[in-house]
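Asker: Protein chains in written order, with the working numbering: chain W, 15 to 271; chain U, 15 to 271. Please see the structure below; I have some questions.
Number of protein chains: 2
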Amino acid sequence: MATASARLELIALPGFPLVDQGDDLCRLVVEGAARAGVEFQDGDVVVLAQKVVSKAEGRLVDLATVTPSGEAKTLAGQVLKDPRLVELVLRESRRVVRARPHVLIVEHRLGLIMANAGIDQSNIDAGGREMALLLPQDPDASAESLRARLYQASGATVGVVINDSFGRPWRRGTTGTAIGAAGLPALIDRRGDPDLFGRALQITQIGHADEIAAAASLLMGPADEGRPVVLLRGLTWRAPPNPAAALLRPETEDLFR
Amino acid sequence: MATASARLELIALPGFPLVDQGDDLCRLVVEGAARAGVEFQDGDVVVLAQKVVSKAEGRLVDLATVTPSGEAKTLAGQVLKDPRLVELVLRESRRVVRARPHVLIVEHRLGLIMANAGIDQSNIDAGGREMALLLPQDPDASAESLRARLYQASGATVGVVINDSFGRPWRRGTTGTAIGAAGLPALIDRRGDPDLFGRALQITQIGHADEIAAAASLLMGPADEGRPVVLLRGLTWRAPPNPAAALLRPETEDLFR
Chain W
15 MATASARLEL IALPGFPLVD QGDDLCRLVV EGAARAGVEF QDGDVVVLAQ
65 KVVSKAEGRL VDLATVTPSG EAKTLAGQVL KDPRLVELVL RESRRVVRAR
115 PHVLIVEHRL GLIMANAGID QSNIDAGGRE MALLLPQDPD ASAESLRARL
165 YQASGATVGV VINDSFGRPW RRGTTGTAIG AAGLPALIDR RGDPDLFGRA
215 LQITQIGHAD EIAAAASLLM GPADEGRPVV LLRGLTWRAP PNPAAALLRP
265 ETEDLFR
Chain U
15 MATASARLEL IALPGFPLVD QGDDLCRLVV EGAARAGVEF QDGDVVVLAQ
65 KVVSKAEGRL VDLATVTPSG EAKTLAGQVL KDPRLVELVL RESRRVVRAR
115 PHVLIVEHRL GLIMANAGID QSNIDAGGRE MALLLPQDPD ASAESLRARL
165 YQASGATVGV VINDSFGRPW RRGTTGTAIG AAGLPALIDR RGDPDLFGRA
215 LQITQIGHAD EIAAAASLLM GPADEGRPVV LLRGLTWRAP PNPAAALLRP
265 ETEDLFR
C-alpha cells in the first residue's frame, strides 16, 4: 500500500518571514512550527516553496548584470521576452522545447520541462532593481540537507519536499510540483502489487511527491511568499525513499518532448 | 487570494462499501461521513474516485459483448492490447494522440487527454467475467448532481470533485486529477491580481481542482476502491465556481497534442 493513513492534516506555518540570502531555513522552519504550536514528529513532511529555498541559497540575479548573447537576443525577439531574462533561461537550460510569442518552454539542466527554466520575476522585493530568481542549484540536495538539519534540531525523521508551480500540457492552470525531495519516496513503484482482487495493478507508479506538492499548494496559494512552508502530518508510506529526480521521465520514455 | 485557510484536514471516509450500479452515492457518502463522526459543513469538499461514480452509473461493460471493428483490431496489433478493449477506447474517444506498443493515449470525448480513454480493468469483481469500466458519461454533471443531493441531505453547501489517476508527459508516475467538479472553482483565474509587492503575477491560472484531486489521492492510494471517498475540510476560495471542463486546454492553446 502506498499509504495506510486515513487522515491527513496540512498546516501552513504562520508568520514565515521574507527570506534573504544566507538565512538559516532550518531555524526558520523550526521557529514557524513553534508559532503553530507544532512539534515535529516522525513521518511529518515539510513542504517549502521553491522561492524561499532559492532566496536562502542566493539565487537572485540582478538583470542589470546580465549581458544577453546573440542567441538570447534572437530568441527573445521570437518569444517577446526580456533578452536578459532569456539569457538566464538559456544558461539554466539544456535546450529549448517550445518557443512561441510569450511562451518559452525549456528542458532545465535538472531535467525539468518547464516555462522560463522556472525563473521567477514576481514577488521579488529588490529596492527597485529588476531581479530574477533562479531555481536552487540542486533541489534534491537542498531537501536532503534540510531533512538532515531538521533531524538534528528536532530528533524527528521528517520528509522534505520543495515545490514549484508548473504548467502542464493539455490542461489549464498550474499545479504544485516537486522539484526536490528527501526522506520519502518521490516516486512510488507498485509494479507487481495485486489489487483488491489479486489482479495485477494497471497503474504501477505514483507521483507521490507531486501529489504532496500539489496538496501543499492549496494552502500556499500562488503568491507563495505569504505561506511558503506547509507541514503535512499523517501520511504514511512503505516504499523506499528516492529523490524528486526519480520523477523525471527519461527522454527515451517520453512521447511528448 | 486563492485560499485564506491556514489548515486543511483530509479524512478518508471509513468502511466505504463496494459500489454497484444504481447505488445511491449520496446516501453512501452521508453514511461514510457518519462513520467518521463528521457532519458536513459549508465549504467542505468531497472527493470521489472515478471508479465508484462510474460503477454507480452502470458504466461497467462485459468485454464478451464487445465486437472489435477492423480499425480496433489493427490498432490493437500496434499497441499490443485486447482488441475489445481498444474498440471501447475508440468508442469513447475523439482521436488517437499516441499509439505505441503498450501505450494508447487518446483524446477522450470529454476532451481529456489520457491513456486508454480512462478505461480501467483492475479492481473489478465480476464473477470471472472480463469487465471494463468506462468514465462517467458526464463527470461534471455527476458532481453537480451529487453536490445538490448532499445539500438536500445535509443542508451544507459542499464542493464535489471526481478524481482519476493520470499519467503525465515529461514526468513519471500518476497523480490524482479532476475529471468532474461542482460547487467550487476547478480553475482559478488570477489574471490581474497583484503579488505581494504590487507587481502583476506571472502565474495567472491555478489548477485548483487538480490540486484537490491530487491531495485526496494521497489518502485514496491507487487501489482506490479501498478508500474511494475523501472529505477535505478547511479550504476557502474567492473565485467563482466552474466545472472541471474549465481545466481542459483548448487544442488551439496546446503545443503538445
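Note that beta-carbon positions come from the ideal geometry of N, C-alpha and C, so glycine has one too.
Hey, W:V186 and U:L262 are a contact pair by Cβ (cut 8 Å); roughly how many whole angstroms apart?
Answerer: By 1-based counting over the first sequence, the position of residue 186 of chain W is 172. By 1-based counting over the second sequence, the position of residue 262 of chain U is 248. The question names Val, but residue 186 of chain W is Arg in the sequence shown. About 7 Å; that satisfies the 8 Å criterion.
Asker: Tell me the rounded alpha-carbon separation between W:E158 and W:P254.
Answerer: Looking up residue 158 of chain W in the first sequence gives position 144. Looking up residue 254 of chain W in the first sequence gives position 240. If you take the alpha carbons of W:E158 and W:P254, they lie about 15 Å apart.
Asker: For W:L39 versus W:A70, is the C-beta spacing smaller than 9 Å?
Answerer: As a working note, residue 39 of chain W is residue 25 in the first sequence. As a working note, residue 70 of chain W is residue 56 in the first sequence. In this structure, W:A70 lies closer than 9 Å to W:L39 by Cβ.
Asker: Going by C-alpha distance, which of W:A155, W:V61, W:S107, W:L77 is nearest W:R98?
Answerer: For the purposes of this step, residue 98 of chain W is identified with residue 84 of the first sequence, where counting begins at 1. Taking each of W:A155, W:V61, W:S107, W:L77 in turn and checking the Cα distance to W:R98, the smallest one comes out for W:L77.
Asker: Out of U:A90, U:V67, U:Q92, point me to the one whose CA is closest to U:P31's CA.
Answerer: Taking the second sequence and counting its residues from 1, one reaches residue 31 of chain U at position 17. Of U:A90, U:V67, U:Q92, the residue nearest in Cα terms is U:V67.
Asker: Against chain W, with Cβ distances strictly below 9 Å, would U:L42 count as a contact?
Answerer: Working through the second sequence from its first residue, we reach residue 42 of chain U at position 28. No - not a single Cβ of chain W is within 9 Å of the one on U:L42.
Asker: Starting from W:L232, trace the alpha helix (DSSP H) in both directions and tell me its first and last residue.
Answerer: One-based indexing of the first sequence puts residue 232 of chain W at position 218. Note, W:L232: alpha helix (DSSP H), 222–234.
Asker: What did DSSP end up calling U:Q151 once you bin it into helix, strand or coil?
Answerer: Here residue 151 of chain U refers to the residue found at position 137 when the second sequence is read from its first residue. Coil.
Asker: Are any of the Cβ atoms in chain W nearer than 9 Å to that of U:T188?
Answerer: For the purposes of this step, residue 188 of chain U is taken as residue 174 along the second sequence, with counting starting at 1. The beta-carbon of U:T188 is placed less than 9 Å from the nearest beta-carbon of chain W.
Asker: Measure from the alpha carbon of W:I202 to the alpha carbon of each residue in W:D34, W:A20, W:W251, then state which is nearest.
Answerer: The residue you call residue 202 of chain W lines up with position 188 of the first sequence. Residue W:W251 is the option with its Cα nearest to W:I202.
Asker: Strictly below 8 Å CB to CB, what residues from chain W border U:S271?
Answerer: For this step, residue 271 of chain U is matched to residue 257 along the second sequence. Looking at the sequence shown, residue 271 of chain U is not Ser but Arg. What U:R271 touches in chain W: P183, W184.
Asker: Going by DSSP in three states, W:G248 sits in which element: helix, strand or coil?
Answerer: Numbered from 1 along the first sequence, position 234 holds the residue referred to as residue 248 of chain W. Coil at W:G248, not helix or strand.
Asker: So, helix, strand or coil for W:P97, using DSSP?
Answerer: Taking the first sequence and counting its residues from 1, one reaches residue 97 of chain W at position 83. In the structure shown, W:P97 sits in a helix (DSSP, three-state: H, G or I).
Asker: Less than 9 Å between CB atoms is the rule here; does W:A70 satisfy it with respect to chain U?
Answerer: One-based indexing of the first sequence puts residue 70 of chain W at position 56. No, W:A70 lies away from the interface with chain U (no Cβ there is under 9 Å from its Cβ).
Asker: Helix, strand or coil: how does DSSP classify U:G173 here?
Answerer: Position 159 of the second sequence, counted from the first residue, corresponds to residue 173 of chain U. Three-state DSSP puts U:G173 in a strand.
Asker: Inspect the beta-carbon positions of U:A228 and U:D154 and report whether they are closer than 9 Å.
Answerer: As a working mapping, residue 228 of chain U is identified with position 214 in the second sequence. As a working mapping, residue 154 of chain U is identified with position 140 in the second sequence. Using a Cβ distance threshold of 9 Å, U:A228 and U:D154 do not count as a contacting pair.
Asker: Exposed or buried, what is U:H116 when buried is set at 16 or more other beta-carbons lying within 10 Å of its beta-carbon?
Answerer: Within the second sequence, numbered from 1, the residue matching residue 116 of chain U stands at position 102. The C-beta of U:H116 has fewer than 16 other C-beta atoms within 10 Å across all chains shown, which makes the residue exposed.
Asker: Please report the Cβ distance between U:P150 and U:I176, rounded to the nearest whole angstrom; I am assuming they are in contact, meaning their Cβ atoms lie under 8 Å.
Answerer: Taking the second sequence and counting its residues from 1, the one referred to as residue 150 of chain U is at position 136. Taking the second sequence and counting its residues from 1, the one referred to as residue 176 of chain U is at position 162. That belief holds up - the Cβ atoms of U:P150 and U:I176 are roughly 7 Å apart, short of 8 Å.
Asker: By the three-class DSSP mapping on this structure, what secondary structure does W:A157 have?
Answerer: Start at 1 with the first residue of the first sequence, and residue 157 of chain W comes out as number 143. W:A157: helix per DSSP, three-state reduction.
Asker: Does the count of Cβ pairs from the segment 167–176 of chain U and the segment 124–132 of chain U closer than 8 Å reach three?
Answerer: no
Asker: What in chain W is Cβ-close to U:L74, meaning under 9 Å?
Answerer: Residue 74 of chain U sits at position 60 when you count from the first residue of the second sequence. Here the premise fails: no neighbours, minimum Cβ distance about 14 Å.
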